[in-house]
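Notes follow the structure.
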Amino acid sequence: MRRILLSPSLTGRNTDVIPPSIGTLISLVDLQLGINQLNGSIPASLGELTNLSTLILRTNKLSGTIPKVIGNLKSLVHLLLSENQLSGSIPTSLGYLTNLSMLLLFRNKLSGTIFEEIGNLKSLVDLDLSDNQLIGSIPTSLGNLTDLSLLYLHTNELSSTIPKEIGNLKSLMDLQLGANQLNGSIPRSLGNLTNLSTLSLLKNKLSGSIPQELGNLMKLTGLQLGDNQFVGYLPQNICQGGSLTNFSAINNYLIGPIPKSLKTCSNLFRVRLDGNQLTGNISQDFGVYPKLNYIDLSHNNLYGEISHKWGQCSKLTTLLIAGNNISGTIPPELGNATQIHEIDLSSNRLFGKIPNEIGRLTSLVKLRLDGNQLSSSIPSEFESFVDLEYLDLSTNKLNESIPSILGNFLKLTYLNLSNNEFRQGIPFQLGKLVQLSNLDLSCNLLEGKIPSEMSNMESLEKLNLSHNNLSGLIPTRFQDMHGLVDVDISHNDLEGPLPNNIAFQNATPEELQGNKGLCGNVRFLQPCNKQISKKDPNMVVLITFPVLGALALVSAIFVLAFIAQRKQKDQHTKAKDMVEEISFSLLNFDGKLMYEEIIRATEDFDSKYCIGKGGHGSVYVARLSSANMVAVKKLHLPCNDDNNLQREFLNEVRALTKIRHRNIVKLLDFCSHHRHSFLVYEYFEKGCLATKLNKEEEAKELGWSKRVNIVKGVAHALSYMHHDCSPPIMHRDISSKNILLDSEYEASVSDFGTAKFLNPDSANWSALAGTYGYVAPELAYTMEVNQKCDVYSFGVVTLEIVMGRHPGDLFSSLSSSSSSSALPAHQILVVDVLDQRISPPTHEVAGEVLSLAKVAFACLNSSPQSRPTMKQVSQHLLTQRLHLSNPLHLITFGELLAFHGLTT
Numbered sequence: 005m006r007r008i009l010l011s012p013s014l015t016g017r018n019t020d021v022i023p024p025s026i027g028t029l030i031s032l033v034d035l036q037l038g039i040n041q042l043n044g045s046i047p048a049s050l051g052e053l054t055n056l057s058t059l060i061l062r063t064n065k066l067s068g069t070i071p072k073v074i075g076n077l078k079s080l081v082h083l084l085l086s087e088n089q090l091s092g093s094i095p096t097s098l099g100y101l102t103n104l105s106m107l108l109l110f111r112n113k114l115s116g117t118i119f120e121e122i123g124n125l126k127s128l129v130d131l132d133l134s135d136n137q138l139i140g141s142i143p144t145s146l147g148n149l150t151d152l153s154l155l156y157l158h159t160n161e162l163s164s165t166i167p168k169e170i171g172n173l174k175s176l177m178d179l180q181l182g183a184n185q186l187n188g189s190i191p192r193s194l195g196n197l198t199n200l201s202t203l204s205l206l207k208n209k210l211s212g213s214i215p216q217e218l219g220n221l222m223k224l225t226g227l228q229l230g231d232n233q234f235v236g237y238l239p240q241n242i243c244q245g246g247s248l249t250n251f252s253a254i255n256n257y258l259i260g261p262i263p264k265s266l267k268t269c270s271n272l273f274r275v276r277l278d279g280n281q282l283t284g285n286i287s288q289d290f291g292v293y294p295k296l297n298y299i300d301l302s303h304n305n306l307y308g309e310i311s312h313k314w315g316q317c318s319k320l321t322t323l324l325i326a327g328n329n330i331s332g333t334i335p336p337e338l339g340n341a342t343q344i345h346e347i348d349l350s351s352n353r354l355f356g357k358i359p360n361e362i363g364r365l366t367s368l369v370k371l372r373l374d375g376n377q378l379s380s381s382i383p384s385e386f387e388s389f390v391d392l393e394y395l396d397l398s399t400n401k402l403n404e405s406i407p408s409i410l411g412n413f414l415k416l417t418y419l420n421l422s423n424n425e426f427r428q429g430i431p432f433q434l435g436k437l438v439q440l441s442n443l444d445l446s447c448n449l450l451e452g453k454i455p456s457e458m459s460n461m462e463s464l465e466k467l468n469l470s471h472n473n474l475s476g477l478i479p480t481r482f483q484d485m486h487g488l489v490d491v492d493i494s495h496n497d498l499e500g501p502l503p504n505n506i507a508f509q510n511a512t513p514e515e516l517q518g519n520k521g522l523c524g525n526v527r528f529l530q531p532c533n534k535q536i537s538k539k540d541p542n543m544v545v546l547i548t549f550p551v552l553g554a555l556a557l558v559s560a561i562f563v564l565a566f567i568a569q570r571k572q573k574d575q576h577t578k579a580k581d582m583v584e585e586i587s588f589s590l591l592n593f594d595g596k597l598m599y600e601e602i603i604r605a606t607e608d609f610d611s612k613y614c615i616g617k618g619g620h621g622s623v624y625v626a627r628l629s630s631a632n633m634v635a636v637k638k639l640h641l642p643c644n645d646d647n648n649l650q651r652e653f654l655n656e657v658r659a660l661t662k663i664r665h666r667n668i669v670k671l672l673d674f675c676s677h678h679r680h681s682f683l684v685y686e687y688f689e690k691g692c693l694a695t696k697l698n699k700e701e702e703a704k705e706l707g708w709s710k711r712v713n714i715v716k717g718v719a720h721a722l723s724y725m726h727h728d729c730s731p732p733i734m735h736r737d738i739s740s741k742n743i744l745l746d747s748e749y750e751a752s753v754s755d756f757g758t759a760k761f762l763n764p765d766s767a768n769w770s771a772l773a774g775t776y777g778y779v780a781p782e783l784a785y786t787m788e789v790n791q792k793c794d795v796y797s798f799g800v801v802t803l804e805i806v807m808g809r810h811p812g813d814l815f816s817s818l819s820s821s822s823s824s825s826a827l828p829a830h831q832i833l834v835v836d837v838l839d840q841r842i843s844p845p846t847h848e849v850a851g852e853v854l855s856l857a858k859v860a861f862a863c864l865n866s867s868p869q870s871r872p873t874m875k876q877v878s879q880h881l882l883t884q885r886l887h888l889s890n891p892l893h894l895i896t897f898g899e900l901l902a903f904h905g906l907t908t
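Numbering (this note's numbering), first residue to last: 5 to 908.
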């Protein structure tokens, strides 16, 4: 017998083991047992089959190790053991198989290193060791395999650098090294692989610049460079051969223009350049691509207008250009690309109407236009989007009513129309969206009742109707919405009982506040009056209308007092008698009881409960009768006796009732009284960051990982305030004393007394505010306030966290060419400036700490326009980390400052 070929039977797959007796068939030349369910181990007796030229055991369930005796099969040409469960290391004895042309071991559980003797297999054409658990370096001996056409080492745990010897493999057509832990730069010798068709290096830790020599690869069709740490420019001639179809360089530190050769690269099928800081005019840098299917240019610094040429890409299914500086209008010609399934133009500067021609995109599944300045109404042509699953038009200037045609999008799972100017009522047709899981209509001008038909949304999990003018009762049918887990109905005119539903019963005070008459069996609401009979409507009228009238009267008094205090000082004095006797509450608590609770818990603000003092107030800790700990900020003087204090008091209340974020302190309650005015916050066990850094023993508790997380938390909070709030909110006093830490050292931004709401339609001028040493320098000569002032303060705080002390003049000395010190500032070692009270950071944490320093200096740029936005900072800290080209103790500030840009 010279050949055994066992294929899956017609009645089922073979589940036997390979018998050891197979070794007796010494004349066997061809053994193919692939694509079965053979289990057990590979018998060592196979080593007796010395005449064997083909051994195929692929796609089974074989386990155990690869027997070393396979190295005895000197005649072997094809060895296919892939797609099994083989473990252990690859035996070095395979290095004796000098006739081998195909070695496929992919998709197993092989570990250990790739043996150096593999370089002896000079007849190899196909080598695939991918999808295993191999470690160590890529052996330089692979450079001996000059006949190699395919080299797959991807999806392992290989480290070290890519050996330059790979450049010797002139026959190589397919090189895939992605999804490893390779570091260092791309060797220029790869530019010698003139037959190369596919090069994949994605998901490694590669750094440095991308060599221009890659432009020599004229036959290249696929180039994958994404998810590394590359810097500098993309090679301008990357598509010089015109064959490139698949190009990805996502999530790197790339800057500079889009390669010119891409404009005429007509074979492009898939392009991903998102998550960098590439520049250029998007209307000029791209051409017409008849084969293009997918393109993502999101989160770069591209500008210009969206070209009408995208409408000529007839095969285009995905167009993503979010998070750039694109302006102008959406071109109507985009409606000609009728194969598009997904469009994301969010977070740009687009204005004007949504063109009616968009309605031609009948295959659209996902549409994101949020975060722009689009106006007018939603086109009626949207009715053609019958397959739409995701629609986000939030944070624009869309107006008129919400069209009822949205109720026909029966496949919709996500709908966000928040932060617009939609008026009139919520269309009851939305109740037909039975697949919808997330609905956000907040921050509009909607009025009327909540349609009871919305209870038909059986898949709804999150519902946000806050900050509208909705009135009436919440439909009782909402109690049947068992999938609902998160609801926000705050700041409307709703009244009556909460539905007996877990989402409403577990809602936070912030999610219910600002309504005029909600009641229910939750801790912070008044209980509903159970003595009123449902059968006596006259009694309901007799009781309800006087109560509502009284509530309306009290609300009117508060509103009038609030407006009078802000606008006219003389009217403020007249309103004093009305305000000082009332305790106001965010949470529908009984104001008098809350006031008495705080007085009792602090023993009338006894000094022993004081945990901090500021310029305008003192902070006390109080344990409520519920056993909850809270922090109480009491103004030094009654707020009615000082207009500035009253303004700060009301400003902080206004700011904190409009925002909610895990890294922003939560305002639980506030009270204005003739004896005391105070605000009640959540309590932070670890106190403020400044105190931690100023005390040596407490500073030692702040390890580098904790410090990195603190900076990230503050960045996320400011990004939310600047970019996700409408109108944007500027804090104006970011400093270490206004950052609080909880028991897990999670950071929250506090003290919003000087916060300012920015009007996007006019200049924003303000008196100087903030803490000395943290204020942006431009505020010394201009009174104009913008988000870049907060960015500067954030940079100071970040350096303070890294250094363990206020940075003082460090950043100014680094930006100067001369220094009074013996050592030039740019030659100062970074490790010498880090907080010396804790050990220097190691491994990956060191890269994150350097990223913090890099971010800090970018934020401290003397030119406000050159500072990054907090959105860019937040995204950078979330996704990027500097790679240490040198050991940490050798890196100078000059090297660190060489990295200028931040990815968004």
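For glycine and all other residues, C-beta sits at the position ideal for the given N, C-alpha and C.
In this text the structure is predicted, and so the values were computed from the model without any measurement.
Item                                                                                                                                                                     : Value
Since G212 and F234 should fall inside the 8 Å C-beta cutoff, what is the C-beta to C-beta distance between them, to a whole number of angstroms?                        : 7 Å
Considering F861, what are the terminal residues of the beta strand (DSSP E) in which it resides?                                                                        : Counting along the chain, F861 falls outside any beta strand (DSSP E), though it belongs to the alpha helix (DSSP H) covering 847 to 863.
Taking Cβ to Cβ, would you say C243 is nearer than 7 Å to L266?                                                                                                          : yes
Using CA coordinates, which residue listed in R871, N64, E702 is at the minimum distance from A780?                                                                      : R871
Do K401 and S379 have their C-beta atoms closer together than 7 Å?                                                                                                       : yes
For the putative contact between V806 and T896, defined by C-beta atoms under 8 Å, what is the C-beta separation to the nearest angstrom?                                : Contact flag wrong, Cβ pair sits at about 15 Å.
Below 6 Å CB to CB, which residues in the same chain sit around V877 once its five sequence neighbours on both sides are set aside?                                      : A719, V859
In whole angstroms, what separates the C-alpha of V551 from that of R427?                                                                                                : Because V551 sits at a pLDDT of 35, beneath the cut-off of 50, its placement in the model cannot be relied upon, and the following sentence gives the value as read from the coordinates. Computed Cα separation, rounded: 29 Å.
Pick from I310, K792, L445: whose alpha carbon is nearest that of S723?                                                                                                  : K792
Under three-state DSSP, which class holds R871?                                                                                                                          : coil
Using the Cβ count rule (16 or more neighbours within 10 Å means buried), how would you classify C269?                                                                   : buried
In the DSSP assignment, what are the bridge partners of C692?                                                                                                            : L744
Check the DSSP bridge columns for Q377 and list the partner residues they point to.                                                                                      : F355
Classify D151 as helix, strand or coil using the three-state DSSP reduction.                                                                                             : coil
Let's see if you can read the secondary structure: which residues bound the beta strand (DSSP E) around C793?                                                            : C793 -> not in any beta strand (DSSP E); alpha helix (DSSP H) instead, spanning 791 to 807.
Are there 16 or more other CB atoms within 10 angstroms of the CB of G452, so buried, or fewer, so exposed?                                                              : exposed
On the three-state DSSP scale, how would you describe N713?                                                                                                              : helix
Name the two residues that bound the continuous beta strand (DSSP E) containing I259.                                                                                    : 257 to 261
Output the distance between the C-alpha atoms of L35 and G44, rounded to the nearest integer angstrom.                                                                   : 17 Å
Please report how far the alpha carbon of C447 lies from the alpha carbon of K875, in whole angstroms.                                                                   : 21 Å
At the level of alpha carbons, what is the spacing between N103 and H82?                                                                                                 : 9 Å
Roughly how many angstroms lie between the CA atoms of S470 and V489, to the nearest whole one?                                                                          : 16 Å
Which one of S97, K264, R527, L414 has the shortest CA to CA distance from G123?                                                                                         : S97
Taking buried to mean at least 16 other C-beta atoms within 10 Å of its own C-beta, is D608 buried or exposed?                                                           : exposed
Quick check on the DSSP output: the alpha helix (DSSP H) that includes Q509 runs from which residue to which?                                                            : 506 to 509
Between which two residues does the beta strand (DSSP E) containing D497 stretch?                                                                                        : 497 to 501
To which residues of the same chain is G327 closer than 6 Å at the C-beta, ignoring the five residues directly before and after it?                                      : S302, H303, S351, T908
Check whether the segment 351 to 360 touches the segment 407 to 414, counting contact only when three or more Cβ pairs, one atom from each stretch, lie closer than 8 Å. : no
Have a look at G38, I46, G51 and flag the residue whose alpha-carbon is nearest the alpha-carbon of L32.                                                                 : G51
How about K690 and L745: are their beta carbons less than 7 Å apart?                                                                                                     : yes
So which of F389, L464, N424, Y418 has the shortest CA-CA distance to G375?                                                                                              : N424
From the DSSP output, which residues share a beta bridge with A635?                                                                                                      : V625, Y685
For the beta strand (DSSP E) that A780 lies in, which residues bound it at each end?                                                                                     : From DSSP, A780 is part of no beta strand (DSSP E); its letter is neither H nor E.
Terminal residues of the continuous beta strand (DSSP E) containing V489?                                                                                                : Segment: none, V489 is in no beta strand (DSSP E) and carries neither H nor E.
Tell me V275's beta-bridge partners as DSSP assigns them.                                                                                                                : F251, I299
Among the residues of its own chain, which have a CB less than 7 Å from the CB of G171, if the five just before and after it don't count?                                : P191, S193, L194, N196, L197
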